[in-house]
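Residue numbering for the sequence shown follows this note's numbering, beginning at 7 and increasing consecutively.
Every residue, glycine too, gets a C-beta built ideally from N, C-alpha and C.
Since we're looking at a predicted model, the values are computed, not measured.
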Amino acid sequence: MKSSLFERVCKVEGLPDFLTAPDTRRGFKGRVPGRIEPAPSDDPNSFHRCMRSVLIVGQCFSLMPIRGISGGEASSLRFRWFHWSLFYSSLVIFGCLFMLGVAVEKIFDKGFEFEDSSLFFMSMAIGANLLFIQLARNWPQLSLEWERAEVSMKHHGYPRNLAIKLKVYMVVILIGSTVEHLLANLKRALTSTRCTDGTLTDWMQYCFVTGYSQVFNYFSYSHWKGIALFLIHLVATYIWNYMDMFVIILSIALVERFRLISAKLRKVRGKRMPESFWKQTREDYNTLSYLCRNLDAAISKLVLLSFTSNIYFICLQLYNSIRPLNDPVDIVYFYYSFGYLLLRSVSVSLFAASIYDETKEPKAVLYSVPSESFNIEVQRFLQQVTFDDVVLTGLNFFSITRSLLLTVWS
Numbered sequence: 007m008k009s010s011l012f013e014r015v016c017k018v019e020g021l022p023d024f025l026t027a028p029d030t031r032r033g034f035k036g037r038v039p040g041r042i043e044p045a046p047s048d049d050p051n052s053f054h055r056c057m058r059s060v061l062i063v064g065q066c067f068s069l070m071p072i073r074g075i076s077g078g079e080a081s082s083l084r085f086r087w088f089h090w091s092l093f094y095s096s097l098v099i100f101g102c103l104f105m106l107g108v109a110v111e112k113i114f115d116k117g118f119e120f121e122d123s124s125l126f127f128m129s130m131a132i133g134a135n136l137l138f139i140q141l142a143r144n145w146p147q148l149s150l151e152w153e154r155a156e157v158s159m160k161h162h163g164y165p166r167n168l169a170i171k172l173k174v175y176m177v178v179i180l181i182g183s184t185v186e187h188l189l190a191n192l193k194r195a196l197t198s199t200r201c202t203d204g205t206l207t208d209w210m211q212y213c214f215v216t217g218y219s220q221v222f223n224y225f226s227y228s229h230w231k232g233i234a235l236f237l238i239h240l241v242a243t244y245i246w247n248y249m250d251m252f253v254i255i256l257s258i259a260l261v262e263r264f265r266l267i268s269a270k271l272r273k274v275r276g277k278r279m280p281e282s283f284w285k286q287t288r289e290d291y292n293t294l295s296y297l298c299r300n301l302d303a304a305i306s307k308l309v310l311l312s313f314t315s316n317i318y319f320i321c322l323q324l325y326n327s328i329r330p331l332n333d334p335v336d337i338v339y340f341y342y343s344f345g346y347l348l349l350r351s352v353s354v355s356l357f358a359a360s361i362y363d364e365t366k367e368p369k370a371v372l373y374s375v376p377s378e379s380f381n382i383e384v385q386r387f388l389q390q391v392t393f394d395d396v397v398l399t400g401l402n403f404f405s406i407t408r409s410l411l412l413t414v415w416s
């Protein structure tokens, strides 16, 4: 059978094979001629294996309701509407909706107060949960595309210690958020100890009534209601932190892939290399560029929500800093919470911006290609690196680069 005009043009232009195949985003289950089929990889640094622990932690917080996480290949991933994880997500969403409704009722009764973050916090938790459900529907296809990219770049190998790096960042963020949550509840627990007769039931009632007074002003108190509210707030707190952690981890995973190309290019800097070398390297770079665009299409809404929520809570903390702090617990909590929030926000920006930085690394090597080795493939590669911005965005409202961080701070 004769190949189509598009396929012949793609071969002339040197695009990766998987770009010439038909789109299979909706419901295709067979093999596509010309598409690189993923082979199972036992390497612990493959993307699917690295993301296992991240996805499992997400499901503990009602996020990423997908099946087949423990499978050896990305093809084992499935999204199902009827699954326990999606039922769990629905419970959390309804719980947050209830607390959001109470926050709205409070505004109607007493007016809006900027320092009361319940309205925005619960809206953020609901939005993040819905966006992660949307992402879970697209995650199997995205993981397959990432796996195909790894197969097409098998000659580069896998990033060293990527699995360990991702787990370290995940553990650090989870510990940081746990400490913040403990400090936020420490003063209430200490006050409850001083103001009650020492029984557990009285202690719990004091903690829950003072902590969720906006709810118990409208509803009668019972222990199960207090525990349910505590769990909803706890999960919402981890959702907020997990959202930032997820963007950081995906950015690291993609950057490490681009670094494999940069490391390969640095080894041949100033050397004479055949045209086939530059063609293959350009195709590898183009594969990752295509992957980055698909990743951005999948998570750009999450990125926008992450930046928006972080900026809001930074402003809220600055507003709270105006009030005098006399209690030692309040002082410790404020400085830790504010410092941790700033560190996490800056980390999201820097790690996401590192994708853009790494995609520009080949320029220095391409500029140093000897004149006798300069060819059309080098020219195409240089033009793509120079003029094509491979970057994560916040729903295309902004591109995440280092200059964005300076703009936000200013």
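Residues of its chain near residue i, where Cβ-Cβ distance is below 8 Å and the 5 sequence neighbours each way are ignored
{"i": "leucine 3", "result": "The chain is shown only over 7 to 416; residue 3 falls outside these bounds and no answer can be derived."}
{"i": "tyrosine 227", "result": "Gln211, Phe214 and Val215"}
{"i": "isoleucine 139", "result": "Pro71, Leu92 and Ser95"}
{"i": "leucine 347", "result": "Asn316, Phe319, Ile320 and Gln323"}
{"i": "valine 352", "result": "Leu411"}
{"i": "tyrosine 175", "result": "Met251, Ile254, Ile255 and Ile258"}
{"i": "leucine 260", "result": "Leu294, Leu297, Cys298, Leu301 and Ile361"}
{"i": "arginine 288", "result": "Gly20, Glu383, Arg386, Phe387 and Gln390"}
{"i": "glycine 64", "result": "Met70, Phe138, Tyr248 and Phe252"}
{"i": "serine 306", "result": "Leu398, Thr399, Gly400, Leu401 and Asn402"}
Residue i, buried or exposed, once every other Cβ within 10 Å from all chains shown has been counted against 16
{"i": "asparagine 51", "result": "buried"}
{"i": "phenylalanine 393", "result": "exposed"}
{"i": "cysteine 321", "result": "exposed"}
{"i": "arginine 278", "result": "exposed"}
{"i": "arginine 408", "result": "exposed"}
{"i": "cysteine 102", "result": "buried"}
{"i": "arginine 31", "result": "Only weak support is given to the placement of arginine 31: the predicted model assigns it a pLDDT of 36, under 50, and the value that follows is read from those uncertain coordinates. With fewer than 16 other Cβ atoms within 10 Å, it is exposed."}
{"i": "asparagine 247", "result": "buried"}
{"i": "phenylalanine 387", "result": "buried"}
{"i": "tryptophan 230", "result": "exposed"}
{"i": "valine 98", "result": "buried"}
{"i": "serine 327", "result": "exposed"}
{"i": "tryptophan 145", "result": "buried"}
{"i": "valine 177", "result": "exposed"}
{"i": "tryptophan 152", "result": "buried"}
{"i": "proline 368", "result": "buried"}
{"i": "isoleucine 62", "result": "exposed"}
When the options are compared against residue i, the one with the closest alpha-carbon
{"i": "arginine 272", "options": "Ala370, Asn223, Leu69 and Phe53", "result": "Ala370"}
{"i": "leucine 235", "options": "Asp208, Gly217, Leu356 and Arg265", "result": "Gly217"}
{"i": "methionine 70", "options": "Ala155, Val309, Trp90 and Ala169", "result": "Trp90"}
{"i": "methionine 105", "options": "Lys116, Phe85, Phe126 and Ser257", "result": "Phe126"}
{"i": "phenylalanine 303", "options": "Phe403, Gln65 and Leu410", "result": "The question names phenylalanine, but residue 303 is alanine in the sequence shown. The shortest C-alpha separation from alanine 303 is found at Phe403."}
{"i": "leucine 401", "options": "Phe313, Ser198, Asp363 and Asp122", "result": "Phe313"}
{"i": "proline 165", "options": "Leu372, Phe380 and Phe53", "result": "Phe53"}
{"i": "tryptophan 87", "options": "Ser81, Val98, Arg73 and Phe100", "result": "Arg73"}
{"i": "glutamate 186", "options": "Thr243, Thr202 and Val177", "result": "Thr243"}
{"i": "phenylalanine 100", "options": "Arg84, Ser82, Phe118 and Ser68", "result": "Ser68"}
{"i": "aspartate 48", "options": "Val414, Ala169 and Gln65", "result": "Ala169"}
{"i": "histidine 161", "options": "Ala269, Ser343, Pro368 and Ile238", "result": "Ala269"}
{"i": "phenylalanine 283", "options": "Ser379, Tyr373 and Asp203", "result": "Ser379"}
{"i": "glutamate 281", "options": "Leu141, Leu372, Gly107 and Gln147", "result": "Leu372"}
Backbone secondary structure at residue i - three-state DSSP
{"i": "serine 198", "result": "helix"}
{"i": "proline 44", "result": "With a pLDDT of 44 at proline 44, under the threshold of 50, the predicted position of this residue should be treated as unreliable, though the coordinate-derived value follows. Proline 44: coil per DSSP, three-state reduction."}
{"i": "threonine 205", "result": "coil"}
{"i": "serine 421", "result": "For the chain, the structure presents residues 7 to 416; residue 421 sits outside this window and is missing."}
{"i": "cysteine 16", "result": "Its pLDDT being 43, under 50, cysteine 16 is placed unreliably in this model, and the value from its coordinates should be taken loosely. Three-state DSSP puts cysteine 16 in a helix."}
{"i": "serine 405", "result": "strand"}
{"i": "arginine 84", "result": "strand"}
{"i": "arginine 73", "result": "strand"}
{"i": "glycine 33", "result": "Below a pLDDT of 50, predicted positions are generally treated as unreliable, and glycine 33, at 37, falls in that range; no measurement from the model is reported."}
Residues near residue i in its chain [Cβ-Cβ closer than 6 Å; skip 5 each side]
{"i": "valine 396", "result": "Ser295, Cys298 and Thr365"}
{"i": "methionine 159", "result": "Asp290"}
{"i": "leucine 172", "result": "Cys56 and Ile255"}
{"i": "glycine 182", "result": "Tyr346"}
{"i": "serine 343", "result": "Glu186"}
{"i": "alanine 80", "result": "His54, Ser149, Leu150 and Glu153"}
{"i": "isoleucine 233", "result": "none"}
Same chain, Cβ closer than 7 Å to residue i, five either side skipped, listed in chain order
{"i": "threonine 293", "result": "Pro22, Ala155, Ser158 and Met159"}
{"i": "aspartate 115", "result": "none"}
{"i": "phenylalanine 222", "result": "Val215"}
Practice problem: Could you tell me whether the region 256-271 touches the region 106-114, where touching means 3 or more Cβ pairs closer than 8 Å? | Solution: Not touching, per the Cβ criterion.
Exercise. Count the CB pairs spanning the region 185-201 and the region 329-344 that are closer than 8 Å, and state whether there are at least three.
Key: Pairwise C-beta distances place the region 185-201 in contact with the region 329-344, as three or more of them are shorter than 8 Å.
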